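J.: Dropping the structure in here first, questions after.
Here you go:
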């Protein structure tokens with residue numbers, strides 16, 4: 014019975030989609046868009062151009078590539094090592110980020126802003 018219910022739901026969905034498609038096909042704006050697309054594809058084939066070539070002609074500054082398509086890997090600059098020195102006991106902590114257990118403990122004890130002021134970038 015479950016399969017029959019699923020089948021009927023899909024059938025209704027298809028019928029609704031067919032009705033929406035028929036309405037779209039009767040829309041004059043859709044017809045203009047469809048005609049434009051077919052003429053554009055025909056023109057692209059005639060001149061052996063792809064969509065990226067068309068875009069580069071119309072807007073040379075437009076960057077169509079996504080980060081995954083870039084040929085040169087863009088690498089984030091490495092974080093700088095910061096040395097925190099506790100003035101109360103002289104303990105030093107070297108870290109590249111603030112997610113350090115000792116820094117968190119100091120932050121609870123002395124306050125985060127105070128601990129932040131103890132940090133000095135390490136000379137490289």
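In our numbering, the protein residues as written are 14 to 137. Ideal Cβ placement from N, Cα and C applies to all residues, glycine included. What you are looking at is a predicted structure, and each value in this text was computed from that prediction instead of being measured.
#1: So residue 60 is in the alpha helix (DSSP H); what residue range does that whole segment cover?
#2: Check whether the stretch 91-101 and the stretch 120-133 are in contact - that is, three or more C-beta pairs closer than 8 Å.
#3: Which of the three DSSP states, helix, strand or coil, is assigned to residue 127?
#4: According to DSSP, which residues form a beta bridge with residue 134?
#5: Got a sec, what are the start and stop residues for the beta strand (DSSP E) residue 105 sits in?
T.: This is what the structure gives:
#1: Where residue 60 is concerned, there is no enclosing alpha helix (DSSP H), given that its DSSP letter is neither H nor E.
#2: yes
#3: helix
#4: 95
#5: 105-108
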